[in-house]
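Number of protein chains: 2
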Amino acid sequence: MDPNPIGFQHHDHSHCVADAVAAADRSCREAGLQLTPVRKRALEILLEEHRALGAYDVLARLAEDGFGSQPPVAYRALDFLTKHGFVHKIEKLNAFIACAHPGELHTPAFLICTTCQAVAEAETDPSHSLLANIAETTGFRISRAVLEAEGTCPNCLASEKR
Amino acid sequence: MDPNPIGFQHHDHSHCVADAVAAADRSCREAGLQLTPVRKRALEILLEEHRALGAYDVLARLAEDGFGSQPPVAYRALDFLTKHGFVHKIEKLNAFIACAHPGELHTPAFLICTTCQAVAEAETDPSHSLLANIAETTGFRISRAVLEAEGTCPNCLASEKR
DNA sequence: CCCGAGACGTAATAACATAACATGCACCAG
DNA sequence: CTGGTGCATGTTATGTTATTACGTCTCGGG
Numbered sequence: 056m057d058p059n060p061i062g063f064q065h066h067d068h069s070h071c072v073a074d075a076v077a078a079a080d081r082s083c084r085e086a087g088l089q090l091t092p093v094r095k096r097a098l099e100i101l102l103e104e105h106r107a108l109g110a111y112d113v114l115a116r117l118a119e120d121g122f123g124s125q126p127p128v129a130y131r132a133l134d135f136l137t138k139h140g141f142v143h144k145i146e147k148l149n150a151f152i153a154c155a156h157p158g159e160l161h162t163p164a165f166l167i168c169t170t171c172q173a174v175a176e177a178e179t180d181p182s183h184s185l186l187a188n189i190a191e192t193t194g195f196r197i198s199r200a201v202l203e204a205e206g207t208c209p210n211c212l213a214s215e216k217r
Numbered sequence: 056m057d058p059n060p061i062g063f064q065h066h067d068h069s070h071c072v073a074d075a076v077a078a079a080d081r082s083c084r085e086a087g088l089q090l091t092p093v094r095k096r097a098l099e100i101l102l103e104e105h106r107a108l109g110a111y112d113v114l115a116r117l118a119e120d121g122f123g124s125q126p127p128v129a130y131r132a133l134d135f136l137t138k139h140g141f142v143h144k145i146e147k148l149n150a151f152i153a154c155a156h157p158g159e160l161h162t163p164a165f166l167i168c169t170t171c172q173a174v175a176e177a178e179t180d181p182s183h184s185l186l187a188n189i190a191e192t193t194g195f196r197i198s199r200a201v202l203e204a205e206g207t208c209p210n211c212l213a214s215e216k217r
């Protein structure tokens, strides 16, 4: 099955890996961050796969490429990428996915198809964000939010009907 | 430190454990579900603690009370309670917490204080739910949603200022 | 030149979760 | 009453995810 993972539309991403890495490179340079070889490679792996990968999946690929083979190698690279917004962690899956909208500061929302495993990253509107409202009324100061929904994507819904 | 975990207000919950268990009991009876001793005890434990507990924490308490001491004992009880809405899992913490609004069908949102570890369960308004909107525009059918925010609760914010 | 910060490597372990299989018990059809 | 079915529980073993701790290297500043 084709997980068809960008949003839920097909697309050709022959160039988008290189573009995204270049953008990350630039962004890190500007921010004084080190996009080291492991970190860059980890990002590439997630971009190439274009779906949510477990830390150990990433680790295996890194090890193949001559990097260390112990968990901290992957976790540290993923921590860096996550912390700086190039990658998101899907808590529900304990998995990581390259950010579909890097550069912009955002609170991503994920739609996880339980049929085909595709994960779409949706943009949220911060102005009438549910959580922002809640925070306002309760006096809670949000630093990070997790918005994830499991369900069935349009493609799989269509297939079901057949 | 007092985790002060119901919402972020103190309250006396000397009776609420018994009440909540009784309500669960009734609800199960109506629905033809078995609230067996392990399940009931697991629910009590979460209600008594009134904060998010890991499965192994619950397991340890169950074992003390003479139930099995192997992980599936806790996971099965928690699965049952979660499935039927008496307990929620906080994905971000890999932990479980008794539902603060049982009986009503709802999509809970959690506010997790990173300072005092308190977790508040907020009610969401399904009508202008962020995710529902996204689902509508993309044609995705949501079955379960996770809404969690990490940050600082009002009490800890107040303490910080001192 | 030396030092401190940060990045990477490895070993060991902790924390979280499930698979697979056996037993006991309630219920019901024959 | 007997045998079967479904469900809950228990155990063993294992799988998966994540972190701690510590050593080494490199680079830039003093």
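These protein sequence lines map, in sequence, to chains L and B.
First residue of the first sequence? That's 56 in this note's numbering, and the numbers climb one at a time after it.
First residue of the second sequence? That's 56 in this note's numbering, and the numbers climb one at a time after it.
Just so it is clear, CB atoms sit at the ideal spot from N, CA and C, and this is done for glycine as well.
At the 8 Å Cβ level, is residue 122(B) part of the contact set with chain L, yes or no?
No, because no Cβ of chain L sits closer than 8 Å to the Cβ of residue 122(B).
In the DSSP output, what is residue 202(B) paired with across the bridge?
DSSP, once it has assigned bridges, lists 202(L) and 164(B) as partnering residue 202(B).
Expressed to the nearest angstrom, what Euclidean distance is found between the alpha-carbon atoms of residue 83(L) and residue 139(L)?
Answer to the nearest angstrom: the Cα atoms are 9 Å apart.
Here's the rule: buried if 16 or more other CB atoms are within 10 angstroms of the residue's CB, otherwise exposed. What is residue 57(L)?
Residue confidence is low: residue 57(L) scores 46 on pLDDT, short of 50, so the model does not pin down where it sits. No coordinate-derived value is stated.
Please confirm whether residue 203(B) has its beta-carbon closer than 8 Å to some beta-carbon of chain L.
Closer than 8 Å to some Cβ of chain L, the Cβ of residue 203(B) qualifies, so yes.
Beta-carbon contacts of residue 147(B) that lie in its chain and below 7 Å, excluding the five residues immediately before and after
For residue 147(B), where only same-chain residues beyond five positions count, the Cβ hits under 7 Å are 167, 203 and 205.
Close beta carbons around residue 154(B), own chain, < 8 Å, minus the five adjacent residues each side:
So the qualifying residues of the chain are 140, 141, 142, 143, 163 and 176.
Output yes if chain L places a C-beta closer than 8 Å to the C-beta of residue 147(B); else output no.
Interface annotation, residue 147(B): in contact with chain L, CB-CB separation under 8 Å.
Is it true that the CB of residue 79(L) sits closer than 8 Å to the CB of residue 157(L)?
A contact, by the Cβ cut-off of 8 Å.
Taking C-beta to C-beta, are residue 120(B) and residue 81(B) nearer than 8 Å?
No.
Mind pulling the chain B residues with CB within less than 7 Å of residue 196(L)?
The contacting residues are 206, 207 and 212.
Identify the residues that DSSP records as bridge partners of residue 247(B): which are they?
Look at the range of chain B in this structure, 56 to 217, and you will see that residue 247(B) is not part of it.
In this structure, how does DSSP classify residue 175(L) when only helix, strand and coil are distinguished?
Here residue 175(L) sits in strand by DSSP.
Chain L partners of residue 63(B), CB-CB under 9 Å?
Per Cβ cutoff of 9 Å: 193, 194 and 195.
Taking only beta-carbon positions, decide if residue 200(B) is within less than 8 Å of chain L.
Closer than 8 Å to the CB of residue 200(B) there is at least one CB belonging to chain L.
Please report the residue range of the beta strand (DSSP E) in which residue 24(B) lies.
The question about residue 24(B) has no answer here: the residues shown for chain B are numbered 56 through 217.
Which stretch, first to last residue, makes up the alpha helix (DSSP H) that contains residue 185(B)?
Residue 185(B) -> alpha helix (DSSP H) spans 185-193.
Looking at chain L, is there any beta carbon in it that lies within less than 8 Å of the beta carbon of residue 160(B)?
False, the Cβ-Cβ gap to chain L never drops below 8 Å.
Mark residue 149(B) as exposed unless 16 or more other C-beta atoms lie within 10 angstroms of its C-beta, in which case mark it buried.
Exposed is the call here.
Suppose the cutoff is 8 Å on Cβ atoms and the five residues either side in sequence are ignored; what does the same chain contact list for residue 129(L) look like?
Listed in chain order, the non-local C-beta contacts of residue 129(L) below 8 Å within the same chain comprise 97, 110, 111, 113, 114 and 117, local neighbours out to five positions each way being set aside.
Alpha carbon to alpha carbon, how far is residue 63(B) from residue 100(B)? Give it in angstroms, no decimals.
One C-alpha to the other measures close to 20 Å.
Do you know how far the Cα of residue 178(L) is from the Cα of residue 127(B)?
Taking C-alpha positions only, residue 127(B) is separated from residue 178(L) by approximately 38 Å.
Environment of residue 160(L) [buried if 16+ CB atoms lie within 10 Å]:
Taking every protein chain shown into account, the CB of residue 160(L) has fewer than 16 other CB atoms within 10 angstroms, so this residue is exposed.
Considering only DSSP beta bridges, list what residue 84(L) is partnered with.
Paired residues: none, contrary to the question.
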